[in-house]
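One structure is given below, encoded as structure tokens.
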Amino acid sequence: MARLTIPAQELMYRGHAACPGCGPALAMRLLLKGFGPRTIVSIPACCWTVIATPYPTTALAVPLLDTPIESTGASISGLRAAADALGLDDLTIVGVAGDGGTADIGLQSLSGMLERRTNAIYVMYDNEGYMNTGVQRSGATPKGAWTTTTPVQGRSRGKPESKKAIMEIVLAHRPAYAATLNPAFPEDFVRKAEKARDHAGARFLHVYAPCPPGWKFDSAETVALGRLATDSGVFPLYEVEEGAYRITRKLGELKSVEPYLRAQGRFRHFTPAEVEEFAQDVRSGWERLLRLEAETAPLPPPAKTAASTA
Ligand SMILES: Cc1ncc(C[n+]2csc(CCOP(=O)(O)OP(=O)(O)O)c2C)c(N)n1
Ligand code: SF4
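Residue numbering for the sequence shown follows the numbering used here, starting at 7 and increasing by one per position.
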């Protein structure tokens with residue numbers, strides 16, 4: 007019988023307050039399967055506070071700390087220090103924050119946690135905007151995307167700036183482990199969550215997290231959209247361990263980005279030239295990743311010579 011690679015234990019309850027097809031909800035379910043029951047989660051203001059905590063209920067079967075939006079990194083440093091002081095070495099301390107609370111408002115706190123080498127996991131679920139407060143643009147919103155603060159009207163063509171490269175910012179701090187995860191690839195997702203749990207030191211997970219109302223797509227298509235994102239190179243899957251890059255879903259040839267863009271209302275205004283510009287950015291990101299993987303590959307073990315085997 008085939009071995010099940012995804013733990014059966016559910017650490018997220020049904021009846022939570024997420025929208026249908028919510029990528030961040032799917033991500034949390036898989037994250038907790040990877041981290042296991044000895045986990046404490048800190049969550050700042052974001053969709054997940056609303057999903058998890060309509061008083062007096064909780065959607066999580068593990069302890070949950072509600073923290074201010076700018077301080078997720080500091081809160082997990084504090085939780086780690088408290089756990090260590092109590093001798094609770096086996097606890098996995100995790101912060102789960104949105105892209106606005108990570109790449110923008112909480113960036114100083116994340117940087118401090120990484121710089122101190124806090125023995126904890128920071129997860130940024132990336133729904134590419136401030137969704138909880140009404141779909142405003144964040145630093146992680148892709149170039150050209152419609153949001154309520156980057157309208158498409160007159161000469162305005164959505165967000166003028168490029169998506170902030172959070173993995174590059176994080177990797178400049180040399181974390182022990184960093185990876186990109188997509189819930190549309192659950193085995194790869196849970197394996198990376200388990201790997202992060204089993205590493206010591208500061209760890210960071212960048213999670214692709216589609217938001218049907220914010221991105222304007224059919225809520226039944228969350229997983230299909232996620233597969234398109236990775237297979238077109240929009241959200242490549244890779245991990246970086248002690249500086250070495252490894253692509254975990256190899257792609258012979260990138261699929262066209264067009265079906266990915268056309269499936270979402272936030273990109274519906276794109277002209278063929280804007281589609282091509284987006285595709286060009288995706289291609290250069292993918293080529294850069296291939297180069298980094300080749301340049302940082304660990305050296306192969308020395309070949310055995312006749313003398314060494316004698
Ligand atoms: C200092 C501060 N500024 C603004 C807010 C209001 N606020 C609450 S949730 C939120 C959106 C957070 O966006 P993100 O982190 O991307 O998570 P998402 O809502 O998309 O899940 C904002 C701006 C706040 N709580 N605290
Ligand atoms: S607005 Fe988007 S991220 Fe927030 S709960 Fe709904 S689907 Fe999830």
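Glycine included, every Cβ here is placed at the ideal spot set by N, Cα and C. Just so it is clear, the structure is predicted and the values come from calculations on it, not from any experiment.
Query, Result
"Is alanine 103 helix, strand or coil by DSSP?", "strand"
"Proline 181 and alanine 208 look like a contact to me (Cβ under 8 Å); what is the Cβ gap, rounded to whole Å?", "5 Å"
"List the whole-angstrom C-beta distance separating leucine 234 from proline 216, where the pair is believed to meet the contact cut-off of C-beta under 8 Å.", "About 10 Å separates the two Cβ atoms, so there is no contact after all."
"Under 8 Å: do the stretch 268 to 288 and the stretch 218 to 232 share three or more Cβ pairs, one atom per stretch?", "yes"
"My assumption, with CB atoms under 8 Å, is that tyrosine 128 sits in contact with leucine 113. Please give the rounded CB distance.", "Tyrosine 128 to leucine 113, Cβ: 11 Å. No contact."
"Going by the DSSP bridge assignment, what does serine 48 pair with across the sheet?", "Leu71 and Gly101"
"Inspect the beta-carbon positions of leucine 257 and aspartate 237 and report whether they are closer than 8 Å.", "yes"
"Which of helix, strand or coil does DSSP assign to tyrosine 266?", "helix"
"Determine whether the beta carbon atoms of glutamate 174 and alanine 151 lie at a separation below 8 Å.", "no"
"Which residues in the same chain as alanine 33 place their Cβ atom closer than 6 Å to its Cβ, once the five residues preceding and following it in sequence are excluded?", "Tyr131, Pro189, Val213 and Ala215"
"For ligand 2, is there any heavy atom lying closer than 7 Å to the beta carbon of isoleucine 75?", "no"
"How long is the line joining the alpha carbons of glutamate 227 and alanine 24, rounded to whole angstroms?", "16 Å"
"Any chance the CB of proline 218 is under 7 Å from a heavy atom of ligand 2?", "yes"
"With 16 other CB atoms within 10 Å as the buried threshold, where does leucine 17 fall?", "buried"
"Should proline 30 be counted as a contact of ligand 2 given a C-beta to heavy atom distance under 7 Å?", "yes"
"Return yes when the Cβ of proline 43 is within less than 8 Å of the Cβ of valine 68, no when it is not.", "yes"
"Please find out if some non-hydrogen atom of ligand 2 comes closer than 7 Å to the beta-carbon of asparagine 125.", "no"
"Pair every Cβ in the stretch 72 to 84 with every Cβ in the stretch 45 to 59, then say whether three or more of these pairs are closer than 8 Å.", "yes"
"Determine the closest residue to alanine 185 out of Asp110, Leu295, Gly27 and Thr11, with distance taken between C-alpha atoms.", "Leu295"
"Report whether the distance from the Cβ of alanine 23 to the nearest heavy atom of ligand 1 is below 7 Å.", "no"
"List the residues that DSSP assigns as beta-bridge partners of phenylalanine 223.", "Bridge partners of phenylalanine 223: none, in fact."
"Extract the residue ranges of the beta strand (DSSP E) inside the stretch 92 to 153, only unbroken runs of 3 or more that lie entirely within it.", "98 to 104 and 126 to 132"
"Would you decide whether alanine 171 is buried or exposed? Buried here means 16 or more other CB atoms lie within 10 Å of its CB.", "exposed"
"Please confirm whether glycine 106 and cysteine 53 have their CB atoms less than 8 Å apart.", "no"
"Looking at the unbroken alpha helix (DSSP H) that takes in glutamate 1, where does it start and where does it end?", "For the chain, the structure presents residues 7 to 316; residue 1 sits outside this window and is missing."
"Report whether the distance from the Cβ of glycine 258 to the nearest heavy atom of ligand 1 is below 7 Å.", "no"
"Whole angstroms is fine: what's the gap from proline 148's alpha carbon to arginine 161's?", "18 Å"
"Would threonine 124 and phenylalanine 41 qualify as a contact pair, given that the criterion is a beta-carbon distance under 8 Å?", "no"
"Excluding the five sequence neighbours on either side, which residues of its own chain have a C-beta within less than 8 Å of the C-beta of lysine 169, listed in chain order?", "Glu134, Gly145, Ala146, Thr147, Pro148 and Lys149"
"In the structure shown, what three-state DSSP assignment does alanine 171 receive?", "coil"
"Put glutamine 159 into one of helix, strand or coil per three-state DSSP.", "strand"
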